[in-house]
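In my numbering, the protein residues as written are 8 to 121.
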């Protein structure tokens, strides 16, 4: 199983290659240290001011390609989920329960790379 630091590096490189401002969290069984997680759960939030239709179009067009790329790069099954803020109450709860920020393009632009 890939270590979190290595996963964060891979996610950061990938996220910086995207044309869109994003925030990306790790959540789920892998983060909680559960035995034999079936996949690594990653949430992606578009920070770019897309309309709902534009955001949906981007997600439909690219998320399978992104999952495949990240799965191949990490050697783990990656499950990408779209986070839409208050429009995603279940995802909001998942992130509240246990999550780790892996990448935030806005924080990096402001000089906070933590």
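Beta carbons are placed, not taken as given, at the ideal position from N, Cα and C, and that holds for glycine.
Boundaries (first-last residue) of the alpha helix (DSSP H) holding residue i
| i | result |
| --- | --- |
| residue 24 | 11-24 |
| residue 86 | Note, residue 86: premise wrong, no alpha helix (DSSP H); beta strand (DSSP E) at 85-89. |
| residue 41 | Note, residue 41: premise wrong, no alpha helix (DSSP H); not H, not E. |
Range covered by the beta strand (DSSP E) that runs through residue i
| i | result |
| --- | --- |
| residue 33 | 29-34 |
Residue i (DSSP reduced to helix, strand or coil)
| i | result |
| --- | --- |
| residue 107 | strand |
| residue 46 | coil |
| residue 51 | strand |
| residue 96 | helix |
| residue 58 | coil |
7 Å Cβ cutoff met for residue i and residue j
| i | j | result |
| --- | --- | --- |
| residue 44 | residue 36 | yes |
| residue 74 | residue 87 | yes |
| residue 32 | residue 77 | no |
| residue 83 | residue 11 | no |
| residue 57 | residue 106 | no |
| residue 112 | residue 29 | yes |
Supposed contact pair residue j and residue i - C-beta distance, whole angstroms, cut 8 Å
| i | j | result |
| --- | --- | --- |
| residue 110 | residue 18 | 5 Å |
| residue 90 | residue 52 | 4 Å |
| residue 47 | residue 14 | 7 Å |
CA nearest to the CA of residue i, picked from the options
| i | options | result |
| --- | --- | --- |
| residue 85 | 112, 70, 20 | 70 |
| residue 62 | 72, 27, 81, 93 | 27 |
| residue 39 | 100, 79, 80, 104 | 104 |
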